[in-house]
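J.: I have a structure I would like to understand better, so I am pasting it below and will then ask my questions one at a time.
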Amino acid sequence: MKLGFIGAGNMASALARGIGEPVLVADIDASKAQALADELGGEAVGSNAELAERADAIVLCHKPKQLDEVAEQVGGHARIVISILAATPIAALESAYPGVPVYRFIPNIPAEVRQGVLCYVPGTRAKDGPEQEVLALLGRAGAIIPLDSEPLIEPAMALMSCGPAFMALVAESFAGAGAAHGLPPDEAMRMTVETMAGTAAYLREHGYDTGAVKLRVATPGGTTERGLIALEEHGLADVCRAAVDAVVEATR
Numbered sequence: 014m015k016l017g018f019i020g021a022g023n024m025a026s027a028l029a030r031g032i033g034e035p036v037l038v039a040d041i042d043a044s045k046a047q048a049l050a051d052e053l054g055g056e057a058v059g060s061n062a063e064l065a066e067r068a069d070a071i072v073l074c075h076k077p078k079q080l081d082e083v084a085e086q087v088g089g090h091a092r093i094v095i096s097i098l099a100a101t102p103i104a105a106l107e108s109a110y111p112g113v114p115v116y117r118f119i120p121n122i123p124a125e126v127r128q129g130v131l132c133y134v135p136g137t138r139a140k141d142g143p144e145q146e147v148l149a150l151l152g153r154a155g156a157i158i159p160l161d162s163e164p165l166i167e168p169a170m171a172l173m174s175c176g177p178a179f180m181a182l183v184a185e186s187f188a189g190a191g192a193a194h195g196l197p198p199d200e201a202m203r204m205t206v207e208t209m210a211g212t213a214a215y216l217r218e219h220g221y222d223t224g225a226v227k228l229r230v231a232t233p234g235g236t237t238e239r240g241l242i243a244l245e246e247h248g249l250a251d252v253c254r255a256a257v258d259a260v261v262e263a264t265r
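Mapping of the sequence shown onto the numbering used here: position 190 corresponds to residue 203, and the numbering continues sequentially without gaps.
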């Protein structure tokens with residue numbers, strides 16, 4: 014399946030790299046389109062209409078407010094529409110691209126290294142198109158998590174789309190605490206990041222059972238338990254809830 018990316022910004026580039034196929038690219042900034050195409054062995058094209066004519070599926074990565082403008086430029090040439098646009102519901106996508114199978118995804122930046130999370134909601138005509146092929150292709154970039162309904166996209170975004178920035182802040186905070194106790198900052202950051210990565214892998218292998226990890230690491234009355242109590246007493250759960258609430262409120 015030949016993909017055509019309309020837009021070559023950060024998220025588009027991360028997803029394209031994770032998929033790892035030569036792609037067609039169009040962008041208002043021709044230099045961005047050319048750079049991404051060159052990197053992946055693809056081709057930058059001069060217009061959205063040409064891209065849609067030549068691609069088996071177009072991937073919408075432009076600004077949400079440009080939806081109708083881009084659809085008009087595509088001019089009925091789209092066969093399959095894959096959207097990663099924020100704040101753009103399926104109803105709006107299907108109105109802009111009538112009669113075309115639509116697949117809505119929300120990816121995150123780790124898709125670039127094939128460790129991403131992609132939340133997915135199918136359009137009403139998704140089954141009319143090659144849904145399994147689309148899922149397999151985008152699944153190269155990470156784990157695809159289907160959502161039962163479109164309103165769940167906002168809280169999902171708070172966890173997985175904004176999440177890498179939140180996790181980076183957590184890493185900074187823990188590494189900074191380690192450095193404050195004498196660890197070289199670079200080593201403190203490496204310890205923190207590798208521990209986060211290892212914990213994620215361990216949780217994945219053990220059914221995402223966070224309670225079991227805490228029980229295994231924190232012996233009663235031990236040092237880990239004291240640290241966990243400190244995190245709870247200082248409101249870690251409330252801080253995390255506040256971050257998610259802020260994102261959800263901003264996206265609705």
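Backbone N, C-alpha and C fix where the C-beta goes; we use that ideal spot for every residue, glycine too. Computed from a predicted structure; not experimentally measured.
Rounded to the nearest angstrom, what separates residue 211 and residue 205 at their Cα positions?
T.: Stepping through the sequence shown from its first residue, residue 211 is reached at position 198. Stepping through the sequence shown from its first residue, residue 205 is reached at position 192. Distance between the alpha carbons of residue 211 and residue 205: 10 angstroms.
J.: Which value, in whole angstroms, describes the spacing of the CA atoms of residue 119 and residue 39?
T.: Your numbering for residue 119 matches position 106 in the sequence shown. Your numbering for residue 39 matches position 26 in the sequence shown. Cα-Cα distance, rounded: 20 angstroms.
J.: For a quick check, are the C-beta atoms of residue 25 and residue 18 less than 8 angstroms apart?
T.: Position 12 of the sequence shown holds residue 25. Position 5 of the sequence shown holds residue 18. Cβ distance < 8 angstroms, so residue 25 and residue 18 count as in contact.
J.: How would you call residue 61, buried or exposed, if buried means at least 16 neighbouring beta carbons within 10 angstroms?
T.: Looking up residue 61 in the sequence shown gives position 48. The residue in question, residue 61, is buried, as its Cβ has 16 or more Cβ neighbours within 10 Å.
J.: Helix, strand or coil for residue 60, going by three-state DSSP, please let me know.
T.: Reading the sequence shown from its first residue, position 47 is the one you call residue 60. Coil, per DSSP.
J.: When the Cα of residue 137 is compared with those of 165, 111, 151, 263, which residue comes out closest?
T.: Mapped onto the sequence shown, residue 137 falls at position 124. Comparing Cα-Cα distances from residue 137 to each of 165, 111, 151, 263, the minimum goes to 111.
J.: Determine, using beta-carbon pairs with one atom in the stretch 61–71 and one in the stretch 43–50, whether at least three such pairs fall under 8 angstroms.
T.: No contact exists between the stretch 61–71 and the stretch 43–50.
J.: Given a threshold of 16 other Cβ atoms within 10 Å of its Cβ, counted over all protein chains shown, does residue 126 qualify as buried or as exposed?
T.: Counting from one through the sequence shown, the residue named residue 126 turns up at place 113. Exposed: under 16 other Cβ atoms inside 10 Å.
J.: Please look up how many angstroms separate the CB atoms of residue 131 and residue 101, rounded, as I've assumed it's under 8 angstroms.
T.: As a working mapping, residue 131 is identified with position 118 in the sequence shown. As a working mapping, residue 101 is identified with position 88 in the sequence shown. Not really, about 16 angstroms apart at Cβ, beyond 8 angstroms.
J.: The beta strand (DSSP E) with residue 96 in it runs from where to where?
T.: Here residue 96 refers to the residue found at position 83 when the sequence shown is read from its first residue. Segment 94–96, the beta strand (DSSP E) holding residue 96.
J.: By Cβ distance below 6 angstroms, which residues in the same chain neighbour residue 96 in space, the five residues on each side in sequence not counted?
T.: Residue 96 sits at position 83 when you count from the first residue of the sequence shown. Result list for residue 96: 73, 106, 117, in chain order.
J.: Flag this pair as yes or no: are the beta carbons of residue 123 and residue 155 separated by less than 8 angstroms?
T.: If you number the sequence shown from 1, residue 123 lands on position 110. If you number the sequence shown from 1, residue 155 lands on position 142. Closer than 8 angstroms, so yes.
J.: Assuming residue 139 and residue 113 make a contact with CB atoms under 8 angstroms, what is their CB distance in whole Å?
T.: Taking the sequence shown and counting its residues from 1, the one referred to as residue 139 is at position 126. Taking the sequence shown and counting its residues from 1, the one referred to as residue 113 is at position 100. That pair is no contact at about 11 angstroms.
J.: Specify the secondary structure class of residue 191 as computed by DSSP and reduced to three states.
T.: Along the sequence shown, read from residue 1 onward, the residue named residue 191 stands at position 178. In this structure, residue 191 counts as helix in the three-state DSSP scheme.
J.: Under the three-state reduction of DSSP, which class applies to residue 2: helix, strand or coil?
T.: In the structure as shown, the chain begins at 14 and stops at 265. Residue 2 is therefore absent and cannot be evaluated.
J.: Check the C-beta distance from residue 184 over to residue 202 and give it rounded, since I have them as a contact under 8 angstroms.
T.: Indexing the sequence shown from 1 puts residue 184 at position 171. Indexing the sequence shown from 1 puts residue 202 at position 189. That pair is a contact at about 7 angstroms.
J.: Beta strand (DSSP E) containing residue 134: first to last residue?
T.: Numbered from 1 along the sequence shown, position 121 holds the residue referred to as residue 134. 129–135 is the extent of the beta strand (DSSP E) around residue 134.
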